[in-house]
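**Student:** This is the structure I have questions about; it appears just below.
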Amino acid sequence: MQSLLRTIYNDVKPLVGQGKVADYIPALASVDPNQFGIAIYSNTGELFQIGDAEVPFSIQSISKVFSLTLAIKHYGPDMWQRVGREPSGLPFNSLVQLEYENGVPRNPFINAGALVISDMNQSRFASPHYAMSEFVRRISGNPELKTDLKVADSEYEFRHRNAAMAHLMKSNGNFENDVEEVLKSYFANCALRMSCVDLAKAFNFLANKGFCSISNEQVLSEQEARQVNALMATSGMYDEAGSFAFQVGLPGKSGVGGGVVAIVPNRFSVCVWSPALNKVGNSTAGVAALESMTKHIGWSVY
Ligand code: GLN
């Protein structure tokens with residue numbers, strides 16, 4: 001496994017720094033694009049890593065998997081009346097479908113869907129961000145995880161597009177709580193800082209039939225874990241989900257901080273990170289690294 005990581009590292013090195021670091025808020029625009037790390041956590045409890053795998057970064061949209069998991073734990077299947085399970089084929093922050101689909105977002109991984117999920121969690125928890133970060137600290141085995149308040153504040157200052165989605169959903173009756181409060185929780189979740197090692201560990205439960213071997217708990221049922229993986233496979237990489245399935249063939253979830261998590265069911269969870277993004281907002285070197293990985297292990301879910 002360690003030699004596989006070295007091979008991937010060498011394959012992808014020339015791509016590191018290619019693309020553009022997220023610059024929609026100043027706090028993210030200043031990240032050094034020339035960083036690159038990979039961590040793999042196996043279902044047998046082995047950790048492999050290379051490069052900047054212990055450097056914490058802003059997890060951004062990867063947090064959507066954690067908030068979805070919390071919502072699934074606390075709501076029954078009724079939750080799927082408020083958010084769909086279809087790929088959107090549109091950028092993650094698009095508003096257009098919401099208007100003609102009556103305020104019901106296509107899936108939990110586009111921003112509108114994640115906002116509905118955050119609204120559900122707001123109704124269930126006194127402090128949804130506290131609940132989410134405690135949960136993630138537990139399943140990653142890292143009690144030191146921190147939220148970058150500068151990033152969260154900056155996201156809130158430039159919140160208008162996400163606020164527009166939330167208000168539109170509220171006008172359609174698909175939003176229960178105060179928009180500003182939900183936006184604050186959503187941004188705080190996005191601003192959690194984790195390394196590749198933290199994320200590879202935190203995603204163990206999705207590779208392991210819903211059971212987290214780090215905290216020793218059944219996080220989701222086997223069926224629910226399979227369903228989250230299916231959603232990641234169809235919608236986890238925004239409007240690049242199709243080519244990611246084609247080239248990599250694994251459930252994956254990206255964030256504009258440059259992290260990408262992927263699941264090899266029943267074997268391992270992997271996180272790659274490199275901050276420079278391609279046109280749709282996925283890490284250029286990160287996607288290439290996962291492509292190289294599945295090519296070398298000769299395995300995909302398809
Ligand atoms: N905080 C970002 C936003 O809401 C998350 C987007 C992402 O990582 N794709 O726009």
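Number 54 in this note's numbering belongs to position 54 of the sequence shown; there are no gaps in the numbering. Ideal placement from N, C-alpha and C gives every residue a C-beta, glycine not left out.
1) Please determine, among His-167, Asn-282, Phe-268 and Lys-209, the residue with the shortest C-alpha to C-alpha distance to Ser-243.
2) Tell me which residue opens and which closes the alpha helix (DSSP H) that Leu-168 is part of.
3) Identify whether Gly-113 lies in helix, strand or coil by the three-state DSSP scheme.
4) Would you kindly work out how many angstroms separate the C-alpha atoms of Leu-28 and Ala-191, rounded to a whole number?
5) Among residues of its own chain, excluding the 5 on either side of Val-219, which ones have a beta-carbon nearer than 8 Å to its beta-carbon?
6) Cβ of Glu-155 versus every heavy atom of the ligand GLN: is any distance shorter than 7 Å?
7) Taking only beta-carbon atoms, is Leu-149 less than 8 Å away from chain D?
8) Let's test the definition: count the other Cβ atoms within 10 Å of the Cβ of Ile-40 and tell me whether it reaches 16, buried, or not, exposed.
9) Near Ser-123, what residues of its chain come up, given a Cβ to Cβ distance below 7 Å and the 5 sequence neighbours on each side ignored?
10) Could you tell me how far apart the beta carbons of Arg-161 and Asn-93 are, in whole angstroms, since I believe they sit closer than 8 Å?
11) Among Ser-292, Glu-291 and Pro-275, whose alpha-carbon lies nearest the alpha-carbon of Val-55?
12) Taking only the alpha-carbon atoms, compute the straight-line gap between Leu-98 and Phe-268 and give it to the nearest angstrom.
13) Counting along the chain, where does the alpha helix (DSSP H) carrying Met-1 start and finish?
14) With which residues is Ala-289 paired in a DSSP beta bridge?
15) For Arg-82, which residues in the same chain have their Cβ closer than 8 Å to its Cβ, ignoring the five residues on either side in sequence?
16) Does the region 279-297 come close enough to the region 14-30 to have 3 or more Cβ pairs within less than 8 Å?
17) By the DSSP assignment, the alpha helix (DSSP H) with Arg-267 in it spans what residues?
18) Could you please give the first and the last residue of the uninterrupted beta strand (DSSP E) stretch that includes Leu-192?
19) Let me check you understand the geometry: is the CB of Asn-107 closer than 7 Å to at least one non-hydrogen atom of the ligand GLN?
20) Taking all protein chains shown into account, do 16 or more other C-beta atoms lie within 10 angstroms of the C-beta of Ile-297, making it buried, or fewer, making it exposed?
21) When burial is assigned at 16 or more other CB atoms within 10 Å of the CB, is Ser-30 buried or exposed?
22) If we count the other Cβ atoms within 10 Å of its Cβ and call it buried at 16 or more, is His-129 buried or exposed?
23) Please return the same chain residues whose Cβ sits closer than 6 Å to the Cβ of Ala-262, not counting the five positions on each side in sequence.
24) With 16 as the cutoff for other CB atoms within 10 Å, does Trp-273 come out buried or exposed?
25) Once you ignore the five residues that flank Leu-15 on each side, which residues in its own chain have a CB closer than 6 Å to its CB?
26) Less than 7 Å separating the Cβ of Ser-61 from some heavy atom of the ligand GLN?
27) Looking at the ligand GLN, does it come within less than 7 Å of Phe-187, judged from the CB to the closest heavy atom?
28) Let me confirm a value: Pro-143 is counted as buried when at least 16 other C-beta atoms fall within 10 Å, else exposed. Which label applies?
**Tutor:** Result, derived from the coordinates:
1) Asn-282
2) 160-171
3) helix
4) 10 Å
5) Thr-69, Lys-73, Ile-139, Phe-205, Gly-210, Phe-211, Cys-212 and Ala-225
6) yes
7) Included in the structure is just one protein chain, with no chain D present.
8) buried
9) Glu-176 and Asn-177
10) 6 Å
11) Pro-275
12) 36 Å
13) Per DSSP, Met-1 belongs to no alpha helix (DSSP H) and is neither H nor E.
14) DSSP output for Ala-289 lists no bridge partner at all.
15) Val-104, Val-116, Met-120 and Asn-174
16) yes
17) Neither: Arg-267 is in no alpha helix (DSSP H) and is coded neither H nor E.
18) 192-194
19) no
20) exposed
21) exposed
22) buried
23) Leu-250, Gly-252, Val-270 and Leu-290
24) buried
25) Thr-284, Ala-285 and Ala-288
26) yes
27) yes
28) exposed
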